[in-house]
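Okay, structure first, notes after.
Numbering (mature numbering (1 follows the signal peptide of the UniProt record, and there is no 0)), first residue to last: -16 to -1, 1 to 294.
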């Protein structure tokens, strides 16, 4: 009976929604959890990501183009760069939330943190073997898997290069189409380049929204490739240009911090407390010392500051 239902699901063109519902009631296939809400992602980025016009545009365009292509020629590989608290992890969560119905709890979204999974620089070969096995096993189970690698500045160099064959234009590896996967790398490396451009732009009286990705992407690539503390140090993933897009996250201004505080307040049912949002903005540390333009911790400390002033 199960075989017949699966056969109907795979071959039926009419009544597709009904057949899929029946199939998904008896299956834990990732196709059942995969419910890409492109419009929802675009709206979430527009409404809840503050001060990051480049990230909004790049992620929206890259994800939309990738998900709308039934037969992509390679995986989607995004590398997020910027200071702590600028929205990198927030965007990765948004992507998970709008691609899988069970959001970040989906068994098809896999997160790796070097301080937890790759703790010793002396075990690179073991980590390479483990990572290759983990990724291939999960891709065999679900071609549309999402892999998130946080804190790439703490990743032992050489580990991530084992993914090189999975990021290129190979059509099928180990009987699995690996080109439908999404990889997200998150790093603070490159923040100096980004912050310098943001500062020079402001001092020149130029709107931050006029900063273009092309002004930063090559410099970010050079920074992660040449930094010995980077997981991409001298990586072929960089030299072979296997990163789809480098995504810069600009340092945040006080008004962005206050918007983060307002969002936090609304989540607590305290939307009317504009005074608290203003106090949070005033309590942050800003750089450079002589100008006080940018929040040194972005929005990272906002929840704690809200607790303090409520």
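Every residue gets a Cβ at the ideal spot worked out from N, C-alpha and C, and that includes glycine.
Fair warning: this is a prediction, and the values are worked out from it, not measured in the lab.
Check the Cα spacing between residue 148 and each of 181, 173, 58, 189: the tightest is with 58.
According to DSSP, residue pairing for residue 84 in a beta bridge involves 18.
Setting aside the 5 residues that flank it on each side, residue 24 is surrounded in the same chain by 82, each with a C-beta closer than 6 angstroms to its C-beta; the list follows chain order. One thing to note: residue 181 has its Cβ no nearer than 9 angstroms to the Cβ of residue 65. For the options 41, 111, 26, the alpha carbon positioned closest to that of residue 197 is the one of 41. From the listed residues 290, 200, 189, 18, the smallest Cα separation to residue 251 is found for 290. Residue 130 is positioned such that its CB atom lies closer than 9 angstroms to that of residue 165.
In the structure shown, residue 240 falls within a helical segment according to DSSP collapsed to helix, strand and coil. Nearest C-alpha to residue 69 among 235, 17, 256: 235. Secondary structure of residue 277 (DSSP, three-state): coil. By the C-beta criterion, the segment 34 to 49 is judged not to be in contact with the segment 91 to 108, since fewer than 3 inter-stretch pairs fall below 8 angstroms. Taken in chain order, the whole alpha helix (DSSP H) runs of length 4 or more contained in the segment 17 to 53 are 22 to 32, 37 to 52. Cβ-Cβ distances below 6 angstroms link residue 136 to 169, 171, 215 in the same chain, with the five nearest sequence neighbours on each side left out; the list follows chain order.
In the DSSP secondary-structure assignment, residue 95 is bridged to 132. By DSSP's assignment, residue 171 forms a beta bridge with 65.
Per DSSP, residue 190 is not a residue of any beta strand (DSSP E), being assigned neither H nor E. If you look at residue 232, you'll find it in the beta strand (DSSP E) that goes 229 to 233.
In the three-state DSSP reduction, residue 209 falls in the helix class (H, G or I).
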